[in-house]
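>
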Amino acid sequence: MDKLSKVKGIGPKTEPLLNKIGIFTIDDLVTHYPFRYDVLRRSNLKNVTNPEEKIVIDGKVDSVPLVIRFRGGTNKLNFRLATNDGMVGVSIFGRAFLKNNLGIGENIIVIGKFDASKNIINASDIKFGILGNQEKIESVYHTTSGLSQKILSNAINYSISTYGKDLEDSIPDYLIEKYNFLNKKTALNIVHNPPSYDKLKEASLRLKYEELFEFMFKINYLRAQNNKNNLGVERKTDKTLDDFISKLPFELTNDQMHALDEIIHDFNSKYRMNRLLQGDVGSGKTIVAILAMYYNCLCGYQSALMAPTEILAVQHYNNIRELLKDTDVNVELLTGSVQKREKDIIYDELKSGKIDIIIGTHALIQDDVTYSNLGLVVTDEQHRFGVNQRGNLKNKGIRPDVLYMSATPIPRTYALTIYGDMDVSIIKEMPKGRLPVKTKVYTNKEMKEVYKLMKEELEKNRQIYVIAPLIEESEESDLTNVYTLRDKMNLIFGNKYKIDIVHGKMKGKEKDLIMAEFKANTVNILISTTVIEVGVDVPNATMMVIFDANRFGLSTLHQLRGRVGRSSLESKCILISDQDTKRLEIMEKTNDGFEISEEDFKLRGSGDLFGTRQSGDMTFKMANLKSDYKILIQAKVDSQDYLNNEDNNDSELKKRLVSSIESS
Ligand code: ADP
Ligand code: MG
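Sequential numbering from 4 applies to the sequence shown in this note's numbering.
#1: Whole angstroms is fine: what's the gap from residue 289's alpha carbon to residue 41's?
#2: Once the 5 residues before and after residue 239 are set aside, which same chain residues still bring their CB inside 6 angstroms of it?
#3: Could you tell me if residue 74 is buried or exposed, where buried requires 16 or more neighbouring beta carbons within 10 angstroms of its beta carbon?
#4: Please name the residue or residues paired with residue 91 in a DSSP beta bridge.
#5: Which residues share a DSSP beta bridge with residue 668?
#6: Please classify residue 197 as buried or exposed, where buried requires at least 16 neighbouring CB atoms within 10 angstroms.
#7: Along the chain, where does the beta strand (DSSP E) containing residue 307 start, and where does it finish?
#8: Tell me whether residue 565 is buried or exposed, calling it buried when 16 or more other Cβ atoms sit within 10 Å of its Cβ.
#9: Any heavy atom of the ligand ADP inside 6 angstroms of the beta-carbon of residue 288?
#10: Given the structure, does residue 596 come close to the ligand ADP, in the sense that its CB is under 6 angstroms from one of the ligand's heavy atoms?
#11: Around the Cβ of residue 366, are there at least 16 other Cβ atoms within 10 angstroms (buried) or fewer (exposed)?
#12: Could you tell me the distance, in whole angstroms, from the CA atom of residue 371 to the CA atom of residue 130?
#13: Between which two residues does the beta strand (DSSP E) containing residue 102 stretch?
#14: Out of 328, 470 and 220, which one is the CA nearest neighbour of residue 663?
#15: Who are the near neighbours of residue 258 in its chain, counting only those whose CB is closer than 8 angstroms to its CB and skipping five residues on each side?
#16: Use the C-beta contact count for residue 631: other C-beta atoms within 10 angstroms, 16 or more gives buried, fewer gives exposed.
#17: Please report the residue range of the beta strand (DSSP E) in which residue 519 lies.
#18: Count Cβ pairs between the stretch 474-491 and the stretch 519-532 that sit closer than 8 angstroms; are there 3 or more?
#19: Please indicate yes or no: does the CB of residue 253 lie closer than 6 angstroms to some heavy atom of the ligand ADP?
#20: How big is the Cα-Cα spacing for residue 344 and residue 467?
#21: I need the DSSP call for residue 576, collapsed to helix, strand or coil.
#22: Does residue 358 come out as helix, strand or coil in the three-state DSSP assignment?
#23: Looking only at its chain, what residues have a beta carbon closer than 6 angstroms to the beta carbon of residue 163, apart from the 5 residues adjacent to it on each side?
#24: Looking at residue 59 and residue 80, is the spacing between their C-beta atoms short of 7 angstroms?
#25: Confirm the yes/no value for this check: CB of residue 175, any heavy atom of the ligand ADP, distance under 6 angstroms.
#26: How is residue 131 classed by DSSP in three states: helix, strand or coil?
#27: Are the stretch 114-124 and the stretch 49-63 in contact at 8 angstroms, needing three or more beta carbon pairs?
#28: Exposed or buried, what is residue 311 when buried is set at 16 or more other beta-carbons lying within 10 Å of its beta-carbon?
#29: Taking only heavy atoms of the ligand ADP into account, decide whether any of them is closer than 6 angstroms to the Cβ of residue 15.
#30: Sorted by chain position, which residues of the same chain lie with C-beta nearer than 6 angstroms to residue 542's C-beta, five sequence neighbours on each side aside?
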């Protein structure tokens, strides 16, 4: 029942388009909720005085549309419309193809602006049908080119009516009764085709509750598992970190010290640590983790640090080697590009306990790696949504402490709920002497100015990141790409400065080499896709230029921008875009990740509140953790009751929820 191809209207051409926007199953399709609703309410043309006001009117086509074609391929359609407010002219650009559908007498709805002096509507859109006496609410979907709103909406509605009854519901029956919830099929139907605001509210409430119930069930389940069996590694040592800390090139902030204390306190206890270390980009989470690993090593245990990308793993490795060079801690790196022979040696040394700290990507715990005495696992930039992140470790029969690091900015109250199965340490304070990154939005016409600023920066021997959304030229898109930008930058700066690129399709070794060169300041301008987004640390890079900035969510831009401003040097961030400048200007006003995620949330819905989708972050399709906090709390209580009640142990729903946790 999952297959998209079973849906009427989805053929081999449409399916890949759906995949492109993240729809792979019928379930994905019916939960591809509108990102916006347009309200159509009939305007009274007689009352329109402002020619800029948006109007909506319905009526019958009253003359054969006349097509005017212009040079350059544009066209214009003119016709008369009979409305309740009398006869008006309608004029619309680029819709010549509608001519044959606009027969005389056809009922249509016209949206646009009314020029009363000429009695003409300059239309922006035409829809077929009539407006009722009440307002009409229209769903608007995120889509991709080639996939119209209409195809999408037809496919969704077909799926709801054909498969709606069989869709799995994650709310137990007794709760559906208790809250008098709509059944799932009805709720889906309403959310996609709202007959009124009240109905829409009722239906969304139900779908939000379902999402949050399922989510909180998982969190509660994991916490219960944890408590049942929560013994971990208990260790103590007479040695302290004081001397080591006093020799660091900087002074730790109070928040860093506090977080470290909390971690060490967990180490010393016999219970297993499951802790989230949260702090905005650049707040200095890494050093806290390094100190924790060092302490763990002083106690005689091994540590593993997992990074999401090879670039980051290599950076951590170099960093840690440097910091621990005067100690006898044995640090190794294990990534996909390490040769087999070398790998085997590393495996042996992990098993024998010769390696104290191992750095790598997630393969570290997934591969067949055996540790001698693993006491601590740290994961960097790991956002949450695979709720059960410890699954892999548990299955190996080892119970090390776990520390997650995340730059996702969420307030403590939410954190306590959604990370309800973890303890949370928060770093709020930025290291001393940091200057806010100066951010400014430029249009493509103003590139000259941008190049001038880049030149000034290079002349000061500082380095620059340049970000583009695409790797190479593409037929489907005229977005800026890394290769074209390299050629352009070479033309402008190539005679004096070294320019290079790094992107996700390059081999690990190649990437490492280029990053090392950038770090050593032999590469002056580094052009890249968003692989740079997480974690990279080159303090001498003081400028970032982001092309097609409107393509990115604010939280992503904030993460990107976090690559500069990492020293006491003043840094700049330049956002280039001809569109969407209002949204982007928020970046000019604040450097606070939390504020930005809130703004993003206001503008785009919950999507970006917890970072972006592609980073595998926590995203709900309908619920919004901030505005739906009350529902979340209710779902938390209800799911806990449901979990505690052993009568439910045989229910299909409970089994399904539990098995989805264990397999995640
Ligand atoms: P993030 O929290 O984003 O992972 P990092 O741990 O990479 O941030 O730290 C950012 C930069 O700040 C690094 O260059 C790090 O060495 C430096 N740093 C960390 N703590 C301090 C501090 N207390 N004072 C000055 N610089 C610091
Ligand atoms: Mg980091």
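Built from N, CA and C at the ideal position, the CB exists for glycine as well.
From a predicted model like this one, the values you see are computed outputs, not experimental measurements.
In short:
#1: On the sequence shown, position 286 is the one that residue 289 refers to. On the sequence shown, position 38 is the one that residue 41 refers to. Going by the C-alpha atoms only, they are around 46 angstroms apart.
#2: Taking the first residue of the sequence shown as position 1, residue 239 is located at position 236. Excluding residues within five positions, the ones whose Cβ falls inside 6 angstroms are 271.
#3: Numbered from 1 along the sequence shown, position 71 holds the residue referred to as residue 74. Exposed, since its Cβ has fewer than 16 Cβ neighbours within 10 Å.
#4: If you number the sequence shown from 1, residue 91 lands on position 88. Beta-bridge partners of residue 91 (DSSP): 84.
#5: There is no way to answer for residue 668, as the model of the chain reaches only from 4 to 667.
#6: On the sequence shown, residue 197 is found 194 positions in, with the first residue counted as 1. Buried, since its Cβ has 16 or more Cβ neighbours within 10 Å.
#7: Position 304 of the sequence shown, counted from the start, is the residue given in the question as residue 307. From DSSP, the beta strand (DSSP E) with residue 307 extends over 305-309.
#8: To locate residue 565, count along the sequence shown from 1; it is residue 562. Burial state of residue 565 is buried, judged by a 10 Å Cβ sphere holding 16 or more other Cβ atoms.
#9: For this step, residue 288 is matched to residue 285 along the sequence shown. Because some heavy atom of the ligand ADP lies under 6 angstroms away, the Cβ of residue 288 counts as near it: yes.
#10: Here the question's residue 596 lines up with position 593 in the sequence shown. Residue 596 Cβ: outside cutoff for every heavy atom of the ligand ADP.
#11: Position 363 of the sequence shown, counted from the start, is the residue given in the question as residue 366. Residue 366 is exposed by the Cβ-count criterion.
#12: Here residue 371 refers to the residue found at position 368 of the sequence shown. Here residue 130 refers to the residue found at position 127 of the sequence shown. The alpha-carbon atoms of residue 371 and residue 130 are separated by roughly 59 angstroms.
#13: For the purposes of this step, residue 102 is taken as the residue at position 99 of the sequence shown. Unbroken run through residue 102: none, as it is neither H nor E.
#14: Residue numbering aside, residue 663 sits at position 660 when the sequence shown is read from its first letter. Comparing Cα positions, the closest option is 220.
#15: On the sequence shown, position 255 is the one that residue 258 refers to. Annotation for residue 258: 282, 286, 429, 430, 431 and 432 place their beta carbon closer than 8 angstroms to its own, counting only its chain and skipping 5 residues before and after.
#16: For the purposes of this step, residue 631 is identified with residue 628 of the sequence shown, where counting begins at 1. With 16 or more other CB atoms across the displayed protein chains lying within 10 angstroms of its CB, residue 631 is buried.
#17: Stepping through the sequence shown from its first residue, residue 519 is reached at position 516. Following the DSSP letters along the chain, one finds residue 519 in no beta strand (DSSP E) but inside the alpha helix (DSSP H) bounded by residues 511-522.
#18: As far as the Cβ criterion goes, the stretch 474-491 touches the stretch 519-532, which means the pair count is three or higher.
#19: Sequence index remark: in the sequence shown, residue 253 carries index 250 (1-based). The answer is yes for residue 253.
#20: Within the sequence shown, residue 344 is the residue found at index 341, counting from 1. Within the sequence shown, residue 467 is the residue found at index 464, counting from 1. Going by the C-alpha atoms only, they are around 38 angstroms apart.
#21: In the sequence shown, counting from the first residue as 1, residue 576 sits at position 573. In this structure, residue 576 counts as strand in the three-state DSSP scheme.
#22: Numbered from 1 along the sequence shown, position 355 holds the residue referred to as residue 358. The answer is coil: DSSP assigns residue 358 none of H, G, I, E or B.
#23: In the sequence shown, counting from the first residue as 1, residue 163 sits at position 160. Cβ within range, chain order: 33, 191 and 192.
#24: Here residue 80 refers to the residue found at position 77 of the sequence shown. Here residue 59 refers to the residue found at position 56 of the sequence shown. Not in contact: residue 80 and residue 59 (Cβ atoms no closer than 7 angstroms).
#25: The residue you call residue 175 lines up with position 172 of the sequence shown. No, since every heavy atom of the ligand ADP falls outside the 6 angstroms radius drawn around the Cβ of residue 175.
#26: As a working mapping, residue 131 is identified with position 128 in the sequence shown. Three-state result, residue 131: strand.
#27: Touching, yes.
#28: Your numbering for residue 311 matches position 308 in the sequence shown. Per the 10 Å Cβ criterion, buried.
#29: Counted from its first residue, the sequence shown places residue 15 at position 12. No.
#30: As a first step, residue 542 is located in the sequence shown; it is residue number 539 there, counting from the start. Annotation for residue 542: 569 and 570 place their beta carbon closer than 6 angstroms to its own, counting only its chain and skipping 5 residues before and after.
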